[in-house]
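Peer 1: Its first residue numbered 221, the sequence shown is counted upward by one per residue in my numbering. Quick reminder that beta carbons are idealized off the backbone N, C-alpha and C, glycines included. Please read these numbers as outputs of a predicted model, since none were measured by experiment.
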Amino acid sequence: MEPRLFDLDLQLLADATLMIIAVFTLFLVASYFLFNPVREMLAKRQAKIKDELDNAAKDQKDAASLKAQYEDKLKNIDKEAEEILGDARKRAQENENRIIAEAKQEASRIIERARVEAELEKQKAADDVKREMVVLASVLAGKVVKASIDTTVQESLINETLKEIGESTWQS
């Protein structure tokens, strides 16, 4: 017999069969103890990643809706600010009108007071003139009594005195 490189004999076939059974058994044992836990871990990780992606998508939708709400609020803020400014302008105009009206009333009161005071001063001056006329008339009467003159002379003296003082002075 000639030596062969690869010899198929019954022992080799039995060893190969036992080797195949051992590898298959080892595969089953490894599958049960190693592959299944790894598969479960990968399935859990895949579920976790899916949940995180779902949460991220939900958060993104929430953020988009919040952004839209804030943009609406920003648009309304301009309107609200304009309304507030309009109200402030309106109140300022009302205050200005009220202050002007009060100032006009105060000016009218001051003018009226000044007119009354001027009238009182005029009356006081007229009273002073009347007092002076009474004093002059008394002095004149004294002179008349001293002179013991008749009534025609007295009337002429009174008329002269009144002409000196001025007719408009004692009548006003």
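My parser needs the alpha helix (DSSP H) runs of 4 or more residues fully inside the region 274–342; what are they?
Peer 2: Fully enclosed alpha helix (DSSP H) runs of 4 or longer: not present.
Peer 1: Nearest-angstrom Cα distance between residue 341 and residue 308?
Peer 2: Those two C-alpha atoms are separated by around 48 Å.
Peer 1: Is the separation between the beta-carbon of residue 357 and that of residue 372 shorter than 9 Å?
Peer 2: In this structure, residue 372 does not lie closer than 9 Å to residue 357 by Cβ.
Peer 1: Following the continuous alpha helix (DSSP H) through residue 235, name the residue where it begins and the one where it ends.
Peer 2: Residues 230–250.
Peer 1: What does the alpha-carbon distance come out to for the pair residue 252 and residue 274?
Peer 2: Rounded to the nearest angstrom, the two C-alpha atoms are 32 Å apart.
Peer 1: Out of curiosity, what's the CA-to-CA distance linking residue 262 and residue 281?
Peer 2: One C-alpha to the other measures close to 28 Å.
Peer 1: With respect to the alpha helix (DSSP H) encompassing residue 377, which residues constitute its N-terminal and C-terminal limits?
Peer 2: Its alpha helix (DSSP H) spans residues 371–385.
Peer 1: Report back the beta-carbon spacing between residue 385 and residue 360 to the nearest angstrom; my notes put them in contact at under 8 Å.
Peer 2: Going by Cβ atoms, the distance from residue 385 to residue 360 rounds to 11 Å, so no, they are not a contact pair.
Peer 1: Measuring only the C-alpha atoms, how far is residue 375 from residue 339?
Peer 2: Whole-angstrom Cα-Cα distance: 33 Å.
Peer 1: In chain order, what residues of the same chain have a beta carbon less than 7 Å from the beta carbon of residue 318, not counting five sequence neighbours either side?
Peer 2: The answer is none, since no qualifying residue turns up.
Peer 1: Alpha carbon to alpha carbon, how far is residue 302 from residue 269? Give it in angstroms, no decimals.
Peer 2: Computed Cα separation, rounded: 49 Å.
Peer 1: What's the C-alpha gap between residue 286 and residue 279?
Peer 2: If you take the alpha carbons of residue 286 and residue 279, they lie about 10 Å apart.
Peer 1: Measuring straight from C-alpha to C-alpha, what distance separates residue 353 and residue 383?
Peer 2: If I take the Cα positions, the gap works out to 12 Å.
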